[in-house]
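Below is one structure, written out as structure tokens; the observations come after it.
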Amino acid sequence: MPRSCPTYMLAWAPGISTVDLPSEAGFPIGKDSVNWVALQVHYNNPNLDAGVVDSSGMQITYTAQLRPNDMGVFTLGSTDVMIPPKKAWSTNPSLCSSDCTSRFKGNITLVGSFMHMHLLGYAINTKHIRAGAELPNVGSLQYYDFNHQGLQQVGLDTNTLVPGDWLITTCSYRGSNTTIYWGEASSSEMCFNFITYYPKQNTDPQICISDRLSYKGVTDTCTDWGKFTSRMLNATAS
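Okay, so the sequence shown: first residue is 1 according to the working numbering, each after it adds one.
This is the structure:
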């Protein structure tokens with residue numbers, strides 16, 4: 001994502017079809033909101049095949065009737081991924097603590113959960129904790145398949161996030177012949193849960209992850225996409 005993009009809106013991965021937003025919310029575009037977007041595409045061509053042509057794209061449908069609530073995306077997960085050779089492995093639980101969710105100005109409604117890993121991932125879940133009690137998972141896939149990804153609707157029994165709640169995300173992987181690290185290539189791995197919600201406010205946190213890329217060691221990070229992307233690009237360049 002370019003450094004100048006301060007927020008994250010939409011994503012596609014293998015298996016995703018049309019994504020319909022609820023009638024009471026949408027992503028605002030135009031005056032006093034989003035005036036341009038950047039489309040980031042991850043190409044994976046390990047054999048350096050020549051003459052490969054991409055004709056993919058994205059179609060966005062909009063309405064002139066402004067909806068009551070602005071939609072946002074809250075990203076959970078971890079960049080602390082280091083899968084040992086020939087062993088199943090799971091990330092340490094990524095803790096999105098009450099300190100981060102308390103930055104929301106009030107209750108928010110969680111709409112969809114898009115859980116994303118690459119080819120070695122086989123399970124991912126996000127637990128929801130309130131006042132020490134565990135609610136139903138915000139998202140859970142026990143048989144994850146890279147080629148059949150999609151957006152899960154968050155259940156009505158757990159779709160209200162109250163400031164002070166905890167969200168805990170864990171990703172599990174199969175081993176391969178070599179050590180696999182976090183990265184954007186399909187041959188690397190990821191651990192993300194992109195949650196759509198409303199109502200969005202400009203002061204909301206946008207990403208809450210266990211972050212190895214931005215610091216020495218691992219730090220639980222609660223920030224916005226612009227700052228996270230800058231740190232990630234600086235870490236990659238160093």
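Idealized CB from N, CA, C, for every residue including glycine. All values derive from a computational prediction rather than experimental measurement.
What residue ranges within the region 21-92 form continuous beta strand (DSSP E) runs of no fewer than 3 residues, ordered along the chain? Unbroken beta strand (DSSP E) runs of no fewer than 3 residues, entirely contained in the region 21-92, are found at 72-78, following chain order.
Enumerate in chain order the residues of its own chain whose CB-to-CB distance from L151 is below 6 angstroms, with the five nearest sequence positions on each side excluded. Locating residue 151 in the sequence shown gives position 151, where the first residue counts as 1. So the qualifying residues of the chain are V19, G112 and F114.
Quick check on this structure: which residue in F228, H148 and G77 has the alpha carbon closest to the alpha carbon of S94? Your numbering for residue 94 matches position 94 in the sequence shown. With distances taken between Cα atoms, S94 lies closest to G77.
Go through its chain and collect everything with a Cβ distance to S188's Cβ below 7 angstroms, but skip five positions before and after it. Counting from 1 along the sequence shown, the entry for residue 188 is found at position 188. H118, I180, Y181 and W182, listed in sequence order.
How many whole angstroms separate the CB atoms of P205 and T229, which I take to be in contact at a CB cut-off of 8 angstroms? Here residue 205 is taken as the residue at index 205 of the sequence shown, counted from 1. Here residue 229 is taken as the residue at index 229 of the sequence shown, counted from 1. The beta carbons of P205 and T229 sit about 15 angstroms from each other, so the pair does not count as a contact at 8 angstroms.
C-beta neighbour in chain D for S56, strict 9 angstroms: Of the protein chains in the structure, only one exists, and it is not chain D.
Sufficient close CB pairs (3 or more, under 8 angstroms) joining the region 32-51 to the region 83-100: No: fewer than three Cβ pairs fall under 8 angstroms.
Nearest candidate by alpha-carbon position, reference T7, set T219, S97 and N202: The residue given as residue 7 occupies position 7 in the sequence shown. With distances taken between Cα atoms, T7 lies closest to N202.
Cβ contact (3+ pairs, closer than 8 angstroms) linking the region 125-134 and the region 163-170: Because the criterion of three Cβ pairs below 8 angstroms is met, the region 125-134 and the region 163-170 touch.
Whole-angstrom distance between G106 and S238, CA atom to CA atom: Within the sequence shown, residue 238 is the residue found at index 238, counting from 1. Within the sequence shown, residue 106 is the residue found at index 106, counting from 1. The predicted position of S238 is uncertain, since its pLDDT is 45 and thus under 50; a value taken from the coordinates is nonetheless stated next. When rounded, the separation of the alpha-carbon atoms in S238 and G106 is 39 angstroms.
According to DSSP, what are the bridge partners of G112? The residue given as residue 112 occupies position 112 in the sequence shown. In DSSP, G112 forms a bridge with Q153 and T196.
Within this structure, are the beta carbons of H116 and N44 separated by less than 9 angstroms? One-based indexing of the sequence shown puts residue 116 at position 116. One-based indexing of the sequence shown puts residue 44 at position 44. In this structure, N44 does not lie closer than 9 angstroms to H116 by Cβ.
Presumed contact (8 angstroms Cβ cut-off) between K200 and M9, rounded CB distance: Position 200 of the sequence shown holds residue 200. Position 9 of the sequence shown holds residue 9. About 11 angstroms separates the beta carbon of K200 from that of M9, a gap too long to meet the 8 angstroms contact definition.
Taking only the alpha-carbon atoms, compute the straight-line gap between A50 and M58 and give it to the nearest angstrom. As a working mapping, residue 50 is identified with position 50 in the sequence shown. As a working mapping, residue 58 is identified with position 58 in the sequence shown. A50 and M58: Cα-Cα distance of roughly 24 angstroms.
Sorted by chain position, which residues of the same chain lie with C-beta nearer than 6 angstroms to L135's C-beta, five sequence neighbours on each side aside? Locating residue 135 in the sequence shown gives position 135, counting from the first residue. Only H128 and T158 meet the Cβ criterion.
Just list the residues that DSSP pairs A133 with in beta bridges. Position 133 of the sequence shown, counted from the first residue, corresponds to residue 133. According to DSSP, A133 bridges with R130.
Collapsed DSSP secondary structure at T18 in the structure displayed: Counting from 1 along the sequence shown, the entry for residue 18 is found at position 18. Correct three-state label for T18: coil.
Taking the continuous alpha helix (DSSP H) assigned at T101, which residues delimit it? As a first step, residue 101 is located in the sequence shown; it is residue number 101 there, counting from the start. Bounds of the alpha helix (DSSP H) holding T101 are S98 to T101.
DSSP on S238, reduced to helix/strand/coil? For this step, residue 238 is matched to residue 238 along the sequence shown. Interpretation of S238 is limited by its pLDDT of 45, a score under 50 that renders its predicted location unreliable; the figure taken from the coordinates is listed afterwards. Of the three classes helix, strand and coil, the one that applies to S238 here is coil, per DSSP.
Nonlocal neighbours in the same chain, by C-beta distance under 8 angstroms from V52, ignoring five residues either side: Residue mapping note: residue 52 aligns to position 52 of the sequence shown, counting from 1. Within its own chain, the residues whose Cβ lies closer than 8 angstroms to the Cβ of V52, once the five positions on either side in sequence are excluded, are N45, listed in chain order.
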